[in-house]
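These protein sequences, in sequence, are chains F and E. Per the working numbering, the first sequence starts with residue 22, numbered consecutively. Per the working numbering, the second sequence starts with residue 22, numbered consecutively. Think of the CB as a built atom: it goes at the ideal place given N, C-alpha and C, for glycine as much as any other residue.
2 protein chains.
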Amino acid sequence: MTLPDSMPALVLRHDGRSGAIGGLAIADFAQWLAFERIAVPHAGAGQVLISVACSPVNPSDLHYIKGEYGQPRRRGTPAGFEGTGTVVAAGDADAQALLGRRVSFLASASGSWAQFALTDASACVVLDDAVRDDDAAALLVNPLTALAMMARVQEAGARAIVLTAAASQLGRMLIALANERAIAAIAVVRRAGEEVALQALGAKAVLVSTAADFAARFDAVVRTEKPRILLDAVGDQTAADLFQAMPAHTRWVSYGMLAESGPRLAHMGQFVFSGKSIEGFWLSRWLNDAPAPVRAAAESEAQCRFATGTWRTRVAARVRLADALRDLPAALKLGGKVMLVPGEN
Amino acid sequence: MTLPDSMPALVLRHDGRSGAIGGLAIADFAQWLAFERIAVPHAGAGQVLISVACSPVNPSDLHYIKGEYGQPRRRGTPAGFEGTGTVVAAGDADAQALLGRRVSFLASASGSWAQFALTDASACVVLDDAVRDDDAAALLVNPLTALAMMARVQEAGARAIVLTAAASQLGRMLIALANERAIAAIAVVRRAGEEVALQALGAKAVLVSTAADFAARFDAVVRTEKPRILLDAVGDQTAADLFQAMPAHTRWVSYGMLAESGPRLAHMGQFVFSGKSIEGFWLSRWLNDAPAPVRAAAESEAQCRFATGTWRTRVAARVRLADALRDLPAALKLGGKVMLVPGEN
Numbered sequence: 022m023t024l025p026d027s028m029p030a031l032v033l034r035h036d037g038r039s040g041a042i043g044g045l046a047i048a049d050f051a052q053w054l055a056f057e058r059i060a061v062p063h064a065g066a067g068q069v070l071i072s073v074a075c076s077p078v079n080p081s082d083l084h085y086i087k088g089e090y091g092q093p094r095r096r097g098t099p100a101g102f103e104g105t106g107t108v109v110a111a112g113d114a115d116a117q118a119l120l121g122r123r124v125s126f127l128a129s130a131s132g133s134w135a136q137f138a139l140t141d142a143s144a145c146v147v148l149d150d151a152v153r154d155d156d157a158a159a160l161l162v163n164p165l166t167a168l169a170m171m172a173r174v175q176e177a178g179a180r181a182i183v184l185t186a187a188a189s190q191l192g193r194m195l196i197a198l199a200n201e202r203a204i205a206a207i208a209v210v211r212r213a214g215e216e217v218a219l220q221a222l223g224a225k226a227v228l229v230s231t232a233a234d235f236a237a238r239f240d241a242v243v244r245t246e247k248p249r250i251l252l253d254a255v256g257d258q259t260a261a262d263l264f265q266a267m268p269a270h271t272r273w274v275s276y277g278m279l280a281e282s283g284p285r286l287a288h289m290g291q292f293v294f295s296g297k298s299i300e301g302f303w304l305s306r307w308l309n310d311a312p313a314p315v316r317a318a319a320e321s322e323a324q325c326r327f328a329t330g331t332w333r334t335r336v337a338a339r340v341r342l343a344d345a346l347r348d349l350p351a352a353l354k355l356g357g358k359v360m361l362v363p364g365e366n
Numbered sequence: 022m023t024l025p026d027s028m029p030a031l032v033l034r035h036d037g038r039s040g041a042i043g044g045l046a047i048a049d050f051a052q053w054l055a056f057e058r059i060a061v062p063h064a065g066a067g068q069v070l071i072s073v074a075c076s077p078v079n080p081s082d083l084h085y086i087k088g089e090y091g092q093p094r095r096r097g098t099p100a101g102f103e104g105t106g107t108v109v110a111a112g113d114a115d116a117q118a119l120l121g122r123r124v125s126f127l128a129s130a131s132g133s134w135a136q137f138a139l140t141d142a143s144a145c146v147v148l149d150d151a152v153r154d155d156d157a158a159a160l161l162v163n164p165l166t167a168l169a170m171m172a173r174v175q176e177a178g179a180r181a182i183v184l185t186a187a188a189s190q191l192g193r194m195l196i197a198l199a200n201e202r203a204i205a206a207i208a209v210v211r212r213a214g215e216e217v218a219l220q221a222l223g224a225k226a227v228l229v230s231t232a233a234d235f236a237a238r239f240d241a242v243v244r245t246e247k248p249r250i251l252l253d254a255v256g257d258q259t260a261a262d263l264f265q266a267m268p269a270h271t272r273w274v275s276y277g278m279l280a281e282s283g284p285r286l287a288h289m290g291q292f293v294f295s296g297k298s299i300e301g302f303w304l305s306r307w308l309n310d311a312p313a314p315v316r317a318a319a320e321s322e323a324q325c326r327f328a329t330g331t332w333r334t335r336v337a338a339r340v341r342l343a344d345a346l347r348d349l350p351a352a353l354k355l356g357g358k359v360m361l362v363p364g365e366n
């Protein structure tokens with residue numbers, strides 16, 4: 022394959038971190054991204070170049086482009102943390118084993134919201150034919166987060182958990198995993214409408230946090246199930262209130278920041294007397310820390326779940342890179358994963 | 022010794038917990054306590070009766086009488102968690118070994134703010150003659166907390182810590198312990214005036230949180246010392262701001278609630294990206310969980326430190342039980358430990 026010299030990409034307009042905290046809402050993507058033609062990157066030692074088939078828009082991407090994520094931005098480089106595509110160039114003999122293979126990847130060197138992405142060969146997962154492109158595009162960020170957090174739940178010996186933003190892709194994965202492991206998943210959602218679907222996935226209870234009887238229903242299920250882990254993607258006052266209402270020794274595991282500002286802690290006595298704690302989960306740290314066999318097993322399990330249909334990525338919209346600045350705000354409101362596709366040029 | 026049938030005591034006016042959160046300020050002690058003559062309790066199996074010499078007023082006592090502590094109140098029973106005195110009765114043969122001995126004690130069965138207190142023989146520490154009554158009265162709650170938390174600091178391998186309310190009795194103990202262990206103690210106090218004294222105890226830096234340049238000075242010392250443990254007695258917004266300004270992987274160990282309301286967490290990204298965490302320390306849990314030899318070693322170390330003068334309880338006022346309702350509000354403002362003494366009847 023002859024590679025072009027340039028490619029379309031959604032590139033970052035700013036460097037570093039913004040220092041701000043603003044949640045996920047983005048009214049004007051042109052404030053953060055530009056659609057440009059940039060040079061196709063070259064694969065160095067241990068790297069591969071991937072012709073991108075499609076790439077999801079994850080919450081972490083939105084935090085990142087706004088400069089509110091754990092790693093700094095690099096202006097002029099493509100955004101996009103993961104995707105799927107075909108390896109079209111390799112930087113050394115070892116990486117050449119991947120040439121021509123269809124892979125899922127985490128973009129470590131040049132982002133996935135472009136026609137071509139550059140990453141380490143070790144950041145690629147060779148795909149089974151049974152895995153659909155939509156699932157392959159989002160095979161790593163959410164699935165590895167779900168599997169790693171569920172491992173933490175199991176290490177803690179928890180028999181019940183509470184999860185917020187439970188109707189999200191990640192929330193659905195967690196519910197299915199908990200159900201298989203006989204862990205009661207208490208699903209908290211912000212809007213009514215998904216109760217039946219989440220119960221079908223195996224949620225023990227589905228509670229709508231905006232309902233008038235929410236606090237009473239939550240207290241009742243807490244008394245019955247005694248959940249001691251809160252897997253929280255939101256970080257808002259509701260999460261802090263759930264934590265307060267949960268039993269002694271509850272661990273609040275914060276893995277996302279959908280809220281625009283942090284919560285107030287009602288009472289430090291929760292920590293002193295009740296032995297509660299707050300901690301975080303970040304996939305980037307897990308990827309650095311997890312032993313290679315643990316990571317490989319999680320990647321393999323994720324692929325198997327998508328191949329067999331246990332998990333399924335619900336795609337709400339498919340948006341061309343060229344149309345992204347215009348179309349993303351509306352697409353992201355649809356309730357499902359938005360996929361970016363390079364388009365015809 | 023012939024024991025009287027009744028005794029003076031400061032007894033609790035309410036049962037259970039209040040459900041409120043109100044900090045330490047108490048304008049009217051008569052709202053929470055009554056000065057009464059009550060029956061002298063009888064020692065059961067494994068218990069001893071102690072003729073109280075004196076007993077401190079600790080922050081935990083104030084939280085407790087207001088119903089804001091980790092264990093529920095029992096109306097009509099004496100308050101007071103610790104004290105010193107002489108064992109005058111024993112409930113069984115084993116406990117009789119303590120008869121006539123001068124002890125420090127944690128009051129497990131009937132509180133120390135009375136002429137006589139009832140407790141388990143195992144909750145008594147037989148005193149060396151070299152330990153002054155003022156030190157013996159406060160030998161356990163603060164000292165064991167300081168030693169147990171410093172053990173946690175050392176287990177974490179920390180080379181520097183931040184402590185709030187650093188001019189308190191407990192703060193001073195922590196500073197001295199950290200200094201001996203070559204751990205840099207960054208002392209945060211709310212009012213100026215104690216800087217020289219705390220530096221003499223070995224504080225690496227003493228910062229006044231109400232000073233105009235506080236944030237800048239704190240940032241500077243954080244850059245130099247990289248403290249990753251915050252030992253916090255306050256639980257206010259200042260503590261949350263210190264936590265926010267401290268490096269990645271900082272642990273906020275909350276052991277007190279001097280503040281009247283909980284703080285707002287600026288950013289859940291502290292937990293997700295920076296790997297920070299919040300946890301609590303409660304002496305009651307430590308006493309339950311610590312292996313007997315660990316507890317005995319800590320009690321022995323505390324006594325040795327007071328006997329040799331490494332630690333010293335600064336007594337601000339001595340108040341008779343009969344005068345406590347009237348005199349405690351003013352005495353507690355003096356800045357030093359207030360001791361309750363049974364008085365002549």
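Chain B within 8 Å of residue i, Cβ atoms only
| i | result |
| --- | --- |
| Tyr276/F | Going by chain labels, chain B is absent from the structure shown, which instead holds the protein chains F and E. |
Amino acids of chain F, ordered along the chain, whose beta-carbon sits closer than 7 Å to that of residue i
| i | result |
| --- | --- |
| His288/E | Ile42 and Gly283 |
Beta carbon of residue i nearer than 8 Å to that of residue j
| i | j | result |
| --- | --- | --- |
| Tyr276/F | Thr166/F | yes |
| Leu160/F | Ser125/F | yes |
| Leu70/F | Ala100/F | no |
| Leu346/F | Phe137/F | no |
| Leu168/E | Glu322/E | yes |
| Gly65/F | Gly112/F | yes |
| Gln324/F | Asp149/F | yes |
| Val340/E | Leu349/E | yes |
| Ala142/E | Ala116/E | yes |
| Arg193/F | Gln175/F | no |
| Val274/F | Ile250/F | yes |
| Gln76/E | Met360/E | Here residue 76/E turns out to be Ser, not Gln, going by the sequence shown. It is a contact, given that the beta carbons lie within the stated cut-off. |
| Thr140/F | Leu33/F | no |
| Ala254/F | Ala186/F | yes |
| Gln190/F | Lys354/F | no |
| Arg272/E | Ser305/E | no |
Under 8 Å from the C-beta of residue i: neighbouring residues of chain F
| i | result |
| --- | --- |
| Val293/E | Gly91, Ser275, Tyr276, Gly277, Met278, Gly301, Phe302 and Trp303 |
Nonlocal neighbours in the same chain, by C-beta distance under 7 Å from residue i, ignoring five residues either side
| i | result |
| --- | --- |
| Ser39/E | Lys87, Gly88 and Glu89 |
| Gly296/F | Ala269 and His270 |
| Gly43/E | Lys87, Glu89 and Glu281 |
| Arg211/F | Ser230 and Thr231 |
| Val375/F | Outside the displayed range of chain F (22 to 366) lies residue 375/F, so it cannot be described from this structure. |
| Gln258/E | Pro284 and Arg285 |
| Leu83/E | Leu45 and Ile47 |
| Ala157/F | Thr105, Ser125 and Leu148 |
| Thr331/E | Ala197 |
| Met28/F | Arg58, Ile59, Val61, Ala135, Gln136 and Phe137 |
DSSP bridge partner residues for residue i (one or two, in chain order)
| i | result |
| --- | --- |
| Phe292/F | Answer is none; Phe292/F lacks a bridge partner. |
| Met28/E | Ile59/E |
| Cys145/F | Phe126/F |
| Gly104/E | Phe126/E |
| Phe137/F | Ser72/F |
| Pro99/E | Val32/E |
| Leu251/E | Val183/E and Trp273/E |
Cross-chain neighbours of residue i in chain E, by beta carbon under 9 Å
| i | result |
| --- | --- |
| Lys297/F | Ile299, Glu300 and Gly301 |
Anticipated Cβ contact below 8 Å, residue i with residue j, distance rounded
| i | j | result |
| --- | --- | --- |
| Phe102/E | Leu342/E | Not really, about 15 Å apart at Cβ, beyond 8 Å. |
| Ile182/F | Leu279/F | With 8 Å as the limit, Ile182/F and Leu279/F do not qualify as a contact, their Cβ atoms being about 18 Å apart. |
| Leu219/E | Asn200/E | Actually they do not touch by this definition, with Cβ atoms about 10 Å apart. |
Proximal residues of chain E, C-beta to C-beta of residue i below 7 Å
| i | result |
| --- | --- |
| Arg306/F | Gly296 |
6 Å CB neighbourhood of residue i in its chain, flanking five on each side removed
| i | result |
| --- | --- |
| Ala224/E | Ile196, Ala206 and Ala208 |
| Met171/E | Leu198 |
| Asn79/E | Val162 |
| Phe302/F | Met170, Val274 and Tyr276 |
| Ala319/F | Leu165 and Leu168 |
Contact list for residue i against chain F, beta-carbon separation under 9 Å
| i | result |
| --- | --- |
| Gly256/E | Leu286, His288, Met289, Gly290, Phe292 and Val293 |
Contacting residues, own chain, Cβ-Cβ under 8 Å from residue i (five flanking each side not counted)
| i | result |
| --- | --- |
| His288/E | Gln265 |
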